[in-house]
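Heads up: take any position in the sequence shown, counting from 1, add 5, and you land on the numbering used here.
For reference, the structure discussed in these notes is given below.
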Amino acid sequence: MDTAFLRSPLARNLVYDEFAVLHSPSYRFHPLRYSRCNPTNSTPCQTLSASPSRGLTQRVAALPNVDDFFWEKDPTPILDTIDAPIHLKNLSSKELKQLADEVRSEISFIMSSKCQPCGPGRSVVELTIAIHYVFNAPMDKILWDAGQHAYAHKILTGRRSLFHTIKQKNGLSGFTSRYESEYDPFGAGHGCNSLSAGLGMAVARDINGRKNRIVTVISNWTTMAGQVYEAMGHAGFLDSNMVVILNDSCHSLLPKADGRPKMSVSAFSSAVSKIQSSKGFRRFREAAKGLAKWFGKGMHEFAAKIDEYARGMIGPHGATLFEELGLYYIGPIDGHNIDDLICVLKEVSTLDSTGPVLVHVITGTENDTGGNMRSEITPNDEGPPNSSHDLLKFLETGLSRTYNDCFVEALTAEAENDKRIVVVHGGMGMDRSLRLFKSSFPDRFFDLGIAEQHAVTFSAGLACGGLKPFCIIPSTFLQRAYDQIVEDVDMQKIPVRFAITNAGLVGSEGPTNSGPFDITFMSCLPNMIVMSPSNEDELIDMVATAAMVEDRPICFRYPRGAVVGTSGTFTYGNPLQIGKGEILVEGKEIAFLGYA
6 MDTAFLRSPL ARNLVYDEFA VLHSPSYRFH PLRYSRCNPT NSTPCQTLSA
56 SPSRGLTQRV AALPNVDDFF WEKDPTPILD TIDAPIHLKN LSSKELKQLA
106 DEVRSEISFI MSSKCQPCGP GRSVVELTIA IHYVFNAPMD KILWDAGQHA
156 YAHKILTGRR SLFHTIKQKN GLSGFTSRYE SEYDPFGAGH GCNSLSAGLG
206 MAVARDINGR KNRIVTVISN WTTMAGQVYE AMGHAGFLDS NMVVILNDSC
256 HSLLPKADGR PKMSVSAFSS AVSKIQSSKG FRRFREAAKG LAKWFGKGMH
306 EFAAKIDEYA RGMIGPHGAT LFEELGLYYI GPIDGHNIDD LICVLKEVST
356 LDSTGPVLVH VITGTENDTG GNMRSEITPN DEGPPNSSHD LLKFLETGLS
406 RTYNDCFVEA LTAEAENDKR IVVVHGGMGM DRSLRLFKSS FPDRFFDLGI
456 AEQHAVTFSA GLACGGLKPF CIIPSTFLQR AYDQIVEDVD MQKIPVRFAI
506 TNAGLVGSEG PTNSGPFDIT FMSCLPNMIV MSPSNEDELI DMVATAAMVE
556 DRPICFRYPR GAVVGTSGTF TYGNPLQIGK GEILVEGKEI AFLGYA
């Protein structure tokens, strides 16, 4: 960590000793047993036991208490004076750059202490400062697609004192929220909604005769969803004034086959972007279009082609796509150069009656300084990390097995014996446990990001082609593909196997990522088999059951938490009898019915 320092008394609070470990065929766990000890007493005072599951031996461990760590925070003299975006207006360029470092330090300090990722939030700090420096929120509406990208936005809009409560009960939301601040004009949940909402606000502004500006920030991850392009096409047709900022992290879900290098920002491209955004160039371009129209339709079309070819040669690969959709493209711009960002955004903010503008900003993604609470099990864990921070991360990731881990283990085992099994993954982000399947069967794994509608119908096509697709989508993201589930899968009785992850309440992720509705909207379908495990053994059996069913669609849901833990050696799942119930407790007068 470069901005938050960790001092830990682990040396006196944790002891370990070697013990025999029976290794799974797929994994090697480090043969250590960690115990919580009283520094004045050699007797362990607290022990956390991870019950063994199939193929795993028992491990005894404990995570250090939060009070055992002492976090030091860098001074933030400029940030301490910022209570609202208006306070940015009088800062010099040097002060703005220092402010960016302080905001980045603040995000790292808070999120690292929570062991949560903060790389995406850190990468857009300069962009956020430039937006609030140029535009006048809350009169000007600033919309964000992704919650993590709005961290700096929250800090600069009067919520810094509460930022430590983010993703906590009665604390700040992990996303933008209309209930939280007047600076959040629209809620960001699943992504790809800011452009559509922003266009609606722009049209409402024009009808009501107002002059405020609309700024929407989208990311290259959310451009996987079709709604973004639907909104772009509509914005180009309506020709309403709005600013669309494409926050490009240079990370692609689908790497180019030709190995083309990631887009970079040169001095030439920066200069061209400034020229493109200038009022004089825009006026000259509009005048040239008008003159071409005066000479007739043929000349106008010829001039339009010349303009398209010229901009295609100067701009980056694919830039003309946005022009075809009706957005005036500017970029790429270095997302960490505050001076260039302010220069371009100032020019863009003064453009009236010129239609929608897309500003392409290259931000990259910084490495997370916070941990990741999801389980990560790899076959190369040779021993304990050297530093106390790495040891904490090892304990968190190595000792907690989740339902996702069990599911992927079972699915991998089934795929080893059945070459027709393929995996289609949809939704924002991919659980680390899925890397096991991806590394084992790279040609049978398809990660489609937040293109959930395509993922469902693509799975249906795979099934029609004779394969056995397992469509893995978190419950909250599955809602976006319900029409495809009904029309393309269930009504045609196509055997797509839905693994619904993150089902139920998800705690700190908030209501936007909770999945309490899938029971209702999946069980009402006439041809769908619906299942839910009560423990990891039943989950393994349900994977085997889903692989066996080939005459109708089937789904099973499970939470994202740690497994209950059962004993026994790993075996392949036993297919369940469809429709047969199990009596758990005998009783009289009252009957509780559930499904699994």
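We put the CB at the ideal spot given by N, CA and C, even for glycine.
Source: prediction; values computed, not measured.
- Taking the C-beta atoms as reference points, Val366 is found nearer than 7 angstroms to Ile250.
- Linking Ala155 to Leu132 through their CA atoms gives a straight-line distance of about 11 angstroms.
- Cβ contact annotation for Phe526 (same chain, cutoff 7 angstroms, sequence separation greater than five): Tyr487, in chain order.
- Rounded to the nearest angstrom, the gap between the Cα atoms of Ala551 and Ile559 is 6 angstroms.
- Under a 10 Å Cβ-count criterion, Met206 is classified as buried, with 16 or more other Cβ atoms of the shown protein chains found around its own Cβ.
- Annotation for Arg109: the continuous alpha helix (DSSP H) segment containing it runs 98 to 118.
- Here the stretch 157 to 169 makes contact with the stretch 76 to 92; the two share three or more CB pairs at distances below 8 angstroms.
- Per the Cβ contact rule, the stretch 191 to 204 is not in contact with the stretch 98 to 108 (fewer than 3 Cβ pairs under 8 angstroms).
- Note on Glu541: 16 or more other CB atoms within 10 angstroms of its CB, so buried under the neighbour-count rule.
- The C-beta distance from Lys351 to Val139 rounds to 5 angstroms, short enough to fall under 8 angstroms.
- Taken through DSSP and simplified to helix, strand or coil, Asn422 comes out as helix.
- Between the C-alpha atoms of Ser539 and Thr481 there is a straight-line separation of about 20 angstroms.
- The residue among Lys593, His137, Met547 with its C-alpha nearest the C-alpha of Pro580 is Met547.
- Bounds of any beta strand (DSSP E) do not take in Ala552; it lies within the alpha helix (DSSP H) bounded by 541 to 553.
- Leu148 and Ala415 have their C-alpha atoms some 42 angstroms from each other.
- Taking C-alpha positions only, Cys197 is separated from Leu332 by approximately 17 angstroms.
- Ranked by how close their Cα comes to the Cα of Gln153, the residues Phe168, His239, Asp145, Ala142 have Phe168 in first place.
- Around the Cβ of Gln582, a 10 Å sphere holds fewer than 16 other Cβ atoms; the residue is exposed.
- Taking the Cα of Thr462 as reference, the smallest distance to any Cα among Gln497, Arg449, Ile171 is reached at Gln497.
- Of the other Cβ atoms in all chains shown, 16 or more fall within 10 Å of the Cβ of Glu457; this residue is therefore buried.
- Thr181 and His158 have their C-alpha atoms spaced approximately 9 angstroms apart.
- Around the beta carbon of Asn246, 16 or more other beta carbons lie within 10 angstroms, which makes this residue buried.
- Beta bridge pairing from DSSP links Ser224 with Asn252.
- Between the stretch 530 to 538 and the stretch 467 to 484, the count of C-beta pairs closer than 8 angstroms stays below three; the two stretches do not touch.
- Gly126 and Phe475 have their alpha carbons spaced roughly 32 angstroms apart.
- When the five nearest sequence neighbours on each side are left out, the beta carbons in the same chain lying within less than 7 angstroms of the beta carbon of Ala236 are those of Leu200, Ser201, Leu204, in order along the chain.
- Each of Ser186, Val428, Gln103, Arg562 was checked against the Cα of Pro82, and the nearest Cα belongs to Gln103.
- If you draw a straight line from the Cα of Val427 to the Cα of Tyr234, it is about 29 angstroms long.
- The shortest CA-to-CA distance from Phe503 to any of Ile335, Asp253, Gly471, Val554 is the one to Val554.
- Between Leu84 and Ile134, the C-beta spacing is not below 7 angstroms.
- When DSSP reads this structure, Cys476 sits in a beta bridge with Val429, Phe503.
- Val429 is positioned such that its CB atom lies no closer than 7 angstroms to that of Ala465.
- In this structure the stretch 408 to 423 lies against the stretch 442 to 458, because at least three pairs of beta carbons, one per stretch, are closer than 8 angstroms.
- In terms of Cα proximity to Trp226, the closest of Asp345, Met435, Phe242, Gly454 is Gly454.
- Taking all protein chains in view, the Cβ of Ala209 is surrounded by fewer than 16 other Cβ atoms within 10 Å, so the residue is classified as exposed.
- Going by beta carbons, Ser128 and Gly369 fall inside the 7 angstroms limit.
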